[in-house]
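*Asks:* Numbered by the working numbering, the letters in the sequence shown go through residues 22 to 283 in order.
Glycine is no exception: its CB is placed at the ideal position from the N, C-alpha and C atoms.
As the structure is a prediction and not an experimental result, all values here were calculated from the model.
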Amino acid sequence: MPGIVVIGDNDNINNRRTDERSTFGEMRGMHWCWKRINTYQYYGLMQYRRYFIKPRWRGVSFIFHLEDSLFNYMRNISCNYNMPIFKKIISKYDSLKGKVETFRRKDVKKGLDNKIFNFNSFIKKEVQKYDFIVPEPMYFVGNLKEQYLDSQNFPEDLSLLREIVESNQSQYLQTFDDVWGSNKLYGHNMFVMSSKYFEKYMNWLFSILFELEKKIDFSNRSDHERRAIPFISERLFTVFFEYVRRNEDVNFIELPVIFFDK
């Protein structure tokens, strides 16, 4: 049985390099795991509102285990972005909404535990087949640069980021440009990967992020705007993953992700 550690972004963090860096968000947990836990064969990150679920629960099968607010979110996303699967789920949900009482949160959790999650048993059985477990990609109407600047209107951050990659990680520059110019994102800072690639990713990622943090002035930004580092890291994971796929023979699986609003 492989050794697996999957951390969440609420995990206790105690690392002098990142523990006081509120700008790093969930990346602090990732850095802590990298520096403190080195005995596992696989490493992963999920978040307190987002979880991987098993492949057979793609589509509409898990529809009644969720709350109305999620579908309002999905409805908004499907209007703004080209995500047909959301439109399919919403259509099914709307057509049956009046016939089925919405589950209470404890029922949602119970249903997920019993029917959807069981992720520990799934991953322990399946993880040895793959180098990467990643979220199903999101596809936007515009490219990733446009989508990022819709919520983080600081184009200078992206200019600085590209300069760092060009100067320090030039072999990644073509993939970097391709990814930021595409509409495909492996989002949420969620993954499971083998220790080989986790170590490689951590060295690559934090060499970029620590340099970027030095160059960005966060002093007059809102709390949301101060999350530029984790938002950028989502895009950088896509860069790293696409680079590895282009240059190495890797096995991976894309899993659906379930969201909660609180």
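(1) With a 10 Å radius around its C-beta and 16 neighbouring C-beta atoms as the bar for buried, classify E187 as buried or exposed.
(2) Can you tell me which residues form a DSSP beta bridge with P277?
(3) Out of curiosity, what's the CA-to-CA distance linking F143 and F212?
(4) To which residues does DSSP link K205 through a beta bridge?
(5) May I have the straight-line CA-CA distance separating Q173 from E246, to the nearest angstrom?
(6) Report yes if the C-beta distance between E47 and V155 is below 7 Å; otherwise report no.
(7) Determine the contact status of N160 and N204, defining contact as a CB-CB distance below 7 Å.
(8) Starting from the Cα of F219, find the closest Cα among K75, Y72, F153 and give me that residue.
(9) How would you label N272, buried or exposed, when you count the other beta carbons within 10 angstroms and need 16 or more for buried?
(10) Does the segment 255-269 come into contact with the segment 191-207, if we say contact requires no fewer than three beta-carbon pairs (one atom in each stretch) closer than 8 Å?
(11) Determine, using beta carbons only, whether R70 and H209 come nearer to each other than 7 Å.
(12) Is the beta carbon of L165 sitting closer than 7 Å to the one on L230?
(13) Can you check whether the CB of F45 is closer than 7 Å to the CB of I250?
(14) In or out: F227 buried (at least 16 other Cβ within 10 Å) or exposed?
(15) Do you know whose CA, among S216, R183, E234, W55, lies nearest Y63's CA?
(16) Assuming M223 and W55 make a contact with CB atoms under 8 Å, what is their CB distance in whole Å?
(17) Check S215 in the structure and name its three-state DSSP category.
(18) Entirely within the segment 38-77 and at least 4 residues each: give me those alpha helix (DSSP H) ranges in chain order.
(19) For I250, name the three-state secondary structure that DSSP assigns.
(20) Per DSSP, what are the beta-bridge partners of I154 in this structure?
(21) With the cut-off set at 7 Å, would you say P277 and I58 are in Cβ contact?
(22) Which residue wins for smallest C-alpha separation from E147, given the options Y61, N268, D238, P76?
(23) Tell me the rounded alpha-carbon separation between L66 and D238.
(24) If you draw a straight line from the C-alpha of E234 to the C-alpha of E157, how long is it?
(25) Just verifying my parser: in three-state terms, what is the DSSP assignment at R242?
*Replies:* In terms of the structure at hand:
(1) As a working note, residue 187 is residue 166 in the sequence shown. Exposed, since its Cβ has fewer than 16 Cβ neighbours within 10 Å.
(2) Start at 1 with the first residue of the sequence shown, and residue 277 comes out as number 256. Paired residues: none, contrary to the question.
(3) Position 122 of the sequence shown holds residue 143. Position 191 of the sequence shown holds residue 212. About 15 Å.
(4) Position 184 of the sequence shown, counted from the first residue, corresponds to residue 205. Its beta-bridge partners are Y160.
(5) If you number the sequence shown from 1, residue 173 lands on position 152. If you number the sequence shown from 1, residue 246 lands on position 225. Cα to Cα, the separation comes out at about 6 Å.
(6) If you number the sequence shown from 1, residue 47 lands on position 26. If you number the sequence shown from 1, residue 155 lands on position 134. Not closer than 7 Å, so no.
(7) Taking the sequence shown and counting its residues from 1, the one referred to as residue 160 is at position 139. Taking the sequence shown and counting its residues from 1, the one referred to as residue 204 is at position 183. Going by the sequence as given, residue 160 is Tyr instead of Asn. Yes; because the gap between Cβ atoms is below 7 Å, this pair is in contact.
(8) The residue you call residue 219 lines up with position 198 of the sequence shown. When only C-alpha atoms are compared, the closest one is F153.
(9) Locating residue 272 in the sequence shown gives position 251, counting from the first residue. So N272 ends up on the exposed side.
(10) yes
(11) Here residue 70 corresponds to residue number 49 of the sequence shown, with the count starting at 1. Here residue 209 corresponds to residue number 188 of the sequence shown, with the count starting at 1. Their beta carbons are not under 7 Å apart, which means R70 does not touch H209 by this criterion.
(12) On the sequence shown, position 144 is the one that residue 165 refers to. On the sequence shown, position 209 is the one that residue 230 refers to. Contact: no.
(13) Along the sequence shown, read from residue 1 onward, the residue named residue 250 stands at position 229. Along the sequence shown, read from residue 1 onward, the residue named residue 45 stands at position 24. Contact flag set, yes.
(14) Within the sequence shown, the letter at position 206 stands for residue 227. Per the 10 Å Cβ criterion, buried.
(15) Along the sequence shown, read from residue 1 onward, the residue named residue 63 stands at position 42. Checking every option, the nearest Cα to that of Y63 belongs to S216.
(16) Position 202 of the sequence shown holds residue 223. Position 34 of the sequence shown holds residue 55. Yes, they are in contact, since the Cβ atoms of M223 and W55 sit about 4 Å apart, within 8 Å.
(17) Against the sequence shown, residue 215 aligns to sequence position 194. Note: S215 maps to strand in three-state DSSP.
(18) 48-57
(19) Against the sequence shown, residue 250 aligns to sequence position 229. In the structure shown, I250 sits in a helix (DSSP, three-state: H, G or I).
(20) Position 133 of the sequence shown, counting from 1, holds the residue named residue 154. Note: I154 sits in a beta bridge opposite V213, I274.
(21) For the purposes of this step, residue 277 is taken as the residue at position 256 of the sequence shown. For the purposes of this step, residue 58 is taken as the residue at position 37 of the sequence shown. Their beta carbons are not under 7 Å apart, which means P277 does not touch I58 by this criterion.
(22) Counting from one through the sequence shown, the residue named residue 147 turns up at place 126. Of the candidates Y61, N268, D238, P76, the one whose C-alpha sits nearest the C-alpha of E147 is P76.
(23) Locating residue 66 in the sequence shown gives position 45, counting from the first residue. Locating residue 238 in the sequence shown gives position 217, counting from the first residue. Cα-Cα distance, rounded: 28 Å.
(24) Translated into positions along the sequence shown, residue 234 becomes position 213. Translated into positions along the sequence shown, residue 157 becomes position 136. Distance between the alpha carbons of E234 and E157: 29 Å.
(25) As a working mapping, residue 242 is identified with position 221 in the sequence shown. R242: coil per DSSP, three-state reduction.
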